[in-house]
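Have a look at the structure below before the remarks.
Protein chains in written order, with the working numbering: chain A, 1 to 437; chain B, 1001 to 1174.
Right under this line is the structure:
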């Protein structure tokens, strides 16, 4: 047995000089299913894993393999013949589960061709985003689930994604995007966040991103641990009607699209519509104004749906992040008053550290501080409201840039913006995990 | 604070060349906001310490290109909804920044903050003299009120003489 193994080793050694598992293509890669009967056969699998890159689909790692267990693993195209020879030689029960992984994937993706396909590096319209929420949940059933938290003024379903491995008594972080219709980079970030979080947990289901996945799997233990202990609620677009309006009518629209009684002007500013010092400062009582606070707090179906959800899950939501653009700011309460929150020092140091993390990637400079003095006083914001509900860690992000492109941030900046912001969000999530209350 | 006059600010600035990120130039400025004056623009004095990069060649090229157009240039939505600017319109975009800068200056106080959000429309107007003329409709984003409002600005430009605003018109008036 061992003589054969040594010869095998030499063979593999020669081949692996040129090949490495970071090819983007899965052409002719095979997935094997084996059932090792005894310790000796388990040892053969250990040997394989030592001498070449073996991607274990089940169990997650070779160290978990036991006799009589069904084991699935993927190997590179060039190695698959040698692997098959070795399996035959060893007498181990095996079958080729997938003969050509690339072909199998192509078949899967072809069936999902849409007129506009989703891209994480482009701005996606609402229909595409809506379809994506269904897809991402279907692709990651153990990790991502989709629910509807309410309807917009124009009757559209507000989709919420819950991400996290199942567990008891898990706390959660709530992240929303797309409050203001024209801030397109915001929903783009929520989509990116969901992708990153799902990918890192279970990279085998995201083979399309294999280059990055293989590089990061196991290295990003931070994210993997986060998902074990925390759930993330992600609302990719709060103001769906407004977002659609920026695609079809007016790229600079900000508010919702609700009709205002007795006025020809439409819409309420959703981030002036919460019950936090409502309509006292930095908001307008005129329906035609961009910062119109609405006829009453939570007058908008969208804000009411969000607030209802948070109220219903108050015991589990430990942090609230709301994503906007532009200005490159990281804000925390309060905006409706110049008074400081009771844990101001703590929030300030979190913001400081998170901003540093963000800047570490591309040197993008963020300013941080309490809303009123850092940007401007403005009442009725969701961050202040969430904070007053008892969610101690409440932040507003204003993403890139500082005015050169403003709302019209080029698509080429989506990836870097999302990557750097993710660092800050991860930092905050980790901090929250270490300071649960 | 200057009694009976207004508020004066002394600034040290670093200018970054948008087209050449590694290039910076220092400058100092004095800005005087006059007391109680809602209608006059702040006084600004700027001193540039160092040299601004020469753009003579590119300027001349652009000038010649526009002058030789058979039909007057017309364009809209710069950048487009997705943040794109076609390369040949980049100089038009940059001139729009100049034009907006003037409008913003004329409408600034200590409590305002404006940015150019988008060039909604631009039309070249052929002239009998040597200047290029561009009639712009620019959208300015007012950070305080969050309004994005159109302003009409006419910009004259010449490679040696530089840029001048000859007219500007705000939403519903001046």
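Glycine is no exception: its CB is placed at the ideal position from the N, C-alpha and C atoms.
In this text, all values refer to a predicted model and were calculated from it rather than measured experimentally.
Apart from the five residues just before and just after residue i, which ones in its own chain have a Cβ nearer than 7 Å to its Cβ?
i: residue 353 of chain A; result: 427
i: residue 64 of chain A; result: none
i: residue 97 of chain A; result: 31, 32, 33, 72
i: residue 205 of chain A; result: A caution first: residue 205 of chain A carries a pLDDT of 41, below 50, which makes its placement in the model too unreliable to give a value.
i: residue 1001 of chain B; result: 1007
i: residue 357 of chain A; result: 423, 424, 427
i: residue 263 of chain A; result: 287, 288
i: residue 299 of chain A; result: 268, 273
i: residue 397 of chain A; result: 321, 323, 324, 330, 421
Count the other CB atoms within 10 Å of the CB of residue i; is the residue buried (16 or more) or exposed (fewer)?
i: residue 31 of chain A; result: buried
i: residue 92 of chain A; result: buried
i: residue 1146 of chain B; result: buried
i: residue 345 of chain A; result: exposed
i: residue 225 of chain A; result: exposed
i: residue 268 of chain A; result: buried
i: residue 435 of chain A; result: exposed
i: residue 989 of chain B; result: Because chain B spans 1001 through 1174 in this model, residue 989 of chain B falls outside it and cannot be assessed.
i: residue 438 of chain A; result: Residue coverage of chain A in this structure runs from 1 to 437, which leaves residue 438 of chain A outside it and unanswerable.
i: residue 266 of chain A; result: buried
i: residue 29 of chain A; result: buried
i: residue 1010 of chain B; result: exposed
i: residue 1057 of chain B; result: exposed
i: residue 1024 of chain B; result: exposed
If you compare alpha carbons, which of the options is closest to residue i?
i: residue 250 of chain A; options: A:182, A:306, A:386, A:289; result: A:182
i: residue 40 of chain A; options: A:84, A:29, A:54, A:90; result: A:90
i: residue 1054 of chain B; options: B:1114, B:1159, B:1170, B:1171; result: B:1159
i: residue 372 of chain A; options: A:280, A:311, A:50, A:194; result: A:280
i: residue 1119 of chain B; options: A:252, A:47, A:321; result: A:252
i: residue 1101 of chain B; options: B:1132, B:1026, B:1115; result: B:1115
i: residue 1050 of chain B; options: B:1154, B:1013, B:1033; result: B:1013
i: residue 123 of chain A; options: A:38, A:169, A:236; result: A:236
i: residue 1082 of chain B; options: A:129, A:150, A:247; result: A:247
i: residue 1107 of chain B; options: B:1033, B:1017, B:1018, B:1024; result: B:1033
i: residue 188 of chain A; options: A:51, A:167, A:118, A:385; result: A:118
i: residue 432 of chain A; options: A:337, A:154, A:227, A:409; result: A:227
i: residue 87 of chain A; options: A:360, A:336, A:36; result: A:36
i: residue 1141 of chain B; options: A:425, A:416, A:424, A:407; result: A:407
i: residue 1113 of chain B; options: A:300, A:361, A:47, A:327; result: A:327
i: residue 102 of chain A; options: A:81, A:26, A:334, A:45; result: A:26
i: residue 347 of chain A; options: A:380, A:330, A:336, A:360; result: A:330
i: residue 399 of chain A; options: A:153, A:53, A:185, A:105; result: A:185
i: residue 166 of chain A; options: A:229, A:420, A:239, A:175; result: A:229
i: residue 175 of chain A; options: A:68, A:154, A:197; result: A:197
i: residue 261 of chain A; options: A:277, A:278, A:152, A:296; result: A:296
i: residue 69 of chain A; options: A:79, A:58, A:78; result: A:58
i: residue 1005 of chain B; options: B:1098, B:1162, B:1089, B:1043; result: B:1043
Sorted by chain position, which residues of the same chain lie with C-beta nearer than 8 Å to residue i's C-beta, five sequence neighbours on each side aside?
i: residue 148 of chain A; result: 157, 158, 159, 160
i: residue 1132 of chain B; result: 1063, 1066, 1067, 1124, 1156, 1157, 1158
i: residue 137 of chain A; result: 144, 145, 146, 161
i: residue 128 of chain A; result: 114, 116, 117, 118
i: residue 1171 of chain B; result: 1149, 1150, 1151
i: residue 310 of chain A; result: 174, 317, 320, 386, 389, 391
Under 8 Å Cβ-Cβ, which residues of chain A neighbour residue i?
i: residue 1117 of chain B; result: 252, 406, 407, 408
i: residue 1084 of chain B; result: 410, 411
In chain A, what lies closer than 7 Å to residue i by C-beta?
i: residue 1141 of chain B; result: 406
Short of 6 Å in beta carbon distance, which residues of its chain neighbour residue i, apart from the five on each side in sequence? Order them along the chain.
i: residue 83 of chain A; result: 75
i: residue 1124 of chain B; result: 1072, 1073, 1134
i: residue 1166 of chain B; result: 1154, 1156
i: residue 192 of chain A; result: 120, 418
i: residue 313 of chain A; result: none
i: residue 172 of chain A; result: 231, 233, 316, 317
i: residue 284 of chain A; result: 291, 292
i: residue 1168 of chain B; result: 1103, 1153
i: residue 355 of chain A; result: 330, 366, 368
i: residue 1117 of chain B; result: 1139, 1141, 1148
Taking C-beta pairs closer than 7 Å, name the residues in chain B that residue i reaches, listed in chain order.
i: residue 291 of chain A; result: 1145, 1146
i: residue 403 of chain A; result: 1115
Using a cut-off of 9 Å between C-beta atoms, extract the partners of residue i located in chain B.
i: residue 376 of chain A; result: 1113, 1143, 1144
In chain A, which residues lie with their C-beta within 9 Å of the C-beta of residue i?
i: residue 1081 of chain B; result: 123, 184, 246, 247, 251, 408
May I ask you to check if the CB of residue i is nearer than 7 Å to at least one heavy atom of the ligand NAD?
i: residue 1057 of chain B; result: Inclusion of the ligand NAD in the displayed structure is not the case, the ligand content being empty and no account of it being possible.
Write down every uninterrupted run of the beta strand (DSSP E) in the region 345–372 of chain A whose length is 3 residues or greater and which is fully enclosed by it, in chain order.
Runs of the beta strand (DSSP E) inside the region 345–372 of chain A: 367–370.
Fully enclosed by the region 249–325 of chain A, which alpha helix (DSSP H) runs are 4 residues long or longer?
Counting whole runs of 4 or more residues, the region 249–325 of chain A contains the alpha helix (DSSP H) stretches 301–312.
Ranges of the beta strand (DSSP E) found wholly within the region 1089–1163 of chain B, counting only runs of at least 3:
Complete beta strand (DSSP E) runs here, min 3: 1114–1125, 1132–1142, 1148–1158.
Start-end ranges of the beta strand (DSSP E) lying completely within the region 30–82 of chain A, minimum 3 residues:
Complete beta strand (DSSP E) runs here, min 3: 30–35, 55–58, 71–75.
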